[in-house]
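Residue numbers (the working numbering): 649 to 898.
Structure record follows, encoded as structure tokens.
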Amino acid sequence: MIQRITISPQQCQGTSIALTQPQVHYLVRVLRLKGGDRFIAQDGNTQQWLAALTSQPELAEIIETLAPLLLCSPAPPLRLIAAMPKGNSFDQVVRQTTELGVTHIYPVFSARSLLKPSDNKLARWQKIAEEAAEQSERLTVPSIFAPVRFQQCLEQADWTGLRYICVARSHSSSAQNPDLLTHLLEHLISADSLSVTLAIGPEGGWTPEEITVANHYHYKTTSLGSAILRAVTAPITALSLVTAARELLI
649 MIQRITISPQ
659 QCQGTSIALT
669 QPQVHYLVRV
679 LRLKGGDRFI
689 AQDGNTQQWL
699 AALTSQPELA
709 EIIETLAPLL
719 LCSPAPPLRL
729 IAAMPKGNSF
739 DQVVRQTTEL
749 GVTHIYPVFS
759 ARSLLKPSDN
769 KLARWQKIAE
779 EAAEQSERLT
789 VPSIFAPVRF
799 QQCLEQADWT
809 GLRYICVARS
819 HSSSAQNPDL
829 LTHLLEHLIS
839 ADSLSVTLAI
849 GPEGGWTPEE
859 ITVANHYHYK
869 TTSLGSAILR
879 AVTAPITALS
889 LVTAARELLI
């Protein structure tokens, strides 16, 4: 399988690609590619090129512009608002939701958040997203935003489409708040916009006050079923349901 890397548009210089030192290290030292060996470069925004290393490792030659992969063509926005779990668990959230096609990730502080990320976390998460997009052949790398308070995120957003806040079963009645899959199968076909925004809480879930605020901003209350999921598992489960529903209905 031909390997791929993510580049910035500024790296394209006519028929050549100027590689960064980390990219040279990855291609030459890790993958053991030599002059003439081919790889795919993608810009994280649907464009991709077949390229080959030259005798100068920091310079690659563009052989041809490739058509976007059919399975990875641009989809309607799929946004994730996620309260950050403890430790480095958010790394896993970024990696696996990228594989599932998330387009925007909004880390938020909630009343029960346990993580206070360092300043370099945002760059780390973006790098993880780029690597996950490369490995899963996703042409679009999700945008990851600086952490803010949950209510601030809702106040600043001006999104159309379906919006859901996922709650633990203790806050959810199956009669009043159908599970996420039921919501999606009912509303995706008739929705004016096919974009979906999901808000996933921390360990311990959202507080009643946070749920009320989300409802005020037109987020429907829903659940991910009867099981209690970890803060890392819940976003992956939710995005899997959206991906499956879209493939069935869109």
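Positions of the beta carbon are idealized from the N, C-alpha and C atoms, including for glycine.
If you're wondering where the values come from, they're calculated on a predicted model, not measured in any experiment.
For this session: Using only alpha-carbon positions, find the residue among V678, Q704, T668 and I653 that is nearest to I688.
Result: Of the candidates V678, Q704, T668 and I653, the residue whose Cα lies closest to the Cα of I688 is I653.
For this session: Pick out whichever of Q695, A816, Q690 and T891 has its Cα sitting closest to the Cα of L833.
Result: Selection Q695, A816, Q690 and T891 evaluated against L833 yields T891 as nearest (Cα-Cα).
For this session: Would you list the residues sitting across from E709 in a DSSP beta bridge?
Result: For E709, DSSP records a beta bridge to S664 and A700.
Problem set entry | Beta carbon of A759 nearer than 8 angstroms to that of E858 | In contact: A759 and E858 (Cβ atoms closer than 8 angstroms).
Exercise. Which of the three DSSP states, helix, strand or coil, is assigned to F793?
Worked result: Assignment of F793 by DSSP, reduced to helix, strand and coil, places it in the coil class.
Exercise. Do R811 and K868 come within 8 angstroms of each other at the CB atom, strictly closer than that value?
Worked result: K868 is a Cβ neighbour of R811, given a cutoff of 8 angstroms.
For this session: Determine the DSSP secondary structure at V756, reduced to helix, strand or coil.
Result: For V756, the secondary structure class from DSSP, reduced to helix, strand or coil, is strand.
For this session: Using only alpha-carbon positions, find the residue among V741, R894, H866 and A886 that is nearest to A777.
Result: When each option's Cα is compared against that of A777, the closest is V741.
For this session: With DSSP collapsed to three states, give me the class of N863.
Result: N863 sits in a helix when the DSSP states are folded into three classes.
Problem set entry | CA nearest to the CA of Q611, picked from Y865, Q774, T694 and E712 | In the structure as shown, the chain starts at 649 and stops at 898, and residue 611 therefore has no counterpart that could be examined.
For this session: Hey, could you find the ends of the beta strand (DSSP E) Q690 is sitting in?
Result: It spans R686 to Q690 - the beta strand (DSSP E) in which Q690 sits, taken as one unbroken run.
Exercise. G684 to E712, Cα distance in whole Å?
Worked result: Spanning the two alpha carbons is a distance of roughly 14 angstroms.
Exercise. Straight-line CA distance for D827 to W807?
Worked result: Approximately 22 angstroms, taken between the alpha carbons.
Problem set entry | Through-space distance from G692 to L675, alpha-carbon basis | Straight-line Cα distance between these residues: approximately 18 angstroms.
For this session: State the beta-bridge partners of V844 as determined by DSSP.
Result: Partner(s): L726 and L810.
For this session: Provide the residue span of the beta strand (DSSP E) that contains T870, from first to last.
Result: K868 to S871 is the span of the beta strand (DSSP E), which, as asked, contains T870.
Exercise. Touching or not, the segment 727-739 and the segment 755-769, by the rule of three or more beta carbon pairs under 8 angstroms?
Worked result: Touching, per the Cβ criterion.
Exercise. Going straight from the alpha carbon of A805 to that of A862, what length do you get?
Worked result: Computed Cα separation, rounded: 12 angstroms.
Problem set entry | Member of S656, A699 and H835 whose CA lies at the smallest distance from the CA of R894 | Nearest of S656, A699 and H835 to R894, Cα basis: H835.
Problem set entry | Bounding residues of the alpha helix (DSSP H) (the contiguous stretch that carries I776) | The continuous alpha helix (DSSP H) containing I776 extends over residues K769 to Q783.
Exercise. With DSSP run on the structure shown, which of helix, strand or coil describes A905?
Worked result: Since the displayed the chain opens at 649 and closes at 898, residue 905 lies outside it and no answer follows.
For this session: Assign L828 to one of three DSSP states: helix, strand, or coil.
Result: Assigned with DSSP and collapsed to three states, L828 falls in helix.
For this session: With a threshold of 7 angstroms, establish whether the CB of Q661 neighbours any heavy atom of the ligand SAM.
Result: Absence of the ligand SAM from the depicted structure is noted, as is the absence of any ligand whatsoever, leaving it without description.
Exercise. Could you give the distance in angstroms between the alpha-carbon of Q690 and the alpha-carbon of P657?
Worked result: A straight line joining the alpha-carbon of Q690 with that of P657 spans about 9 angstroms.
For this session: Mark P856 as exposed unless 16 or more other C-beta atoms lie within 10 angstroms of its C-beta, in which case mark it buried.
Result: The residue in question, P856, is exposed, as its Cβ has fewer than 16 Cβ neighbours within 10 Å.
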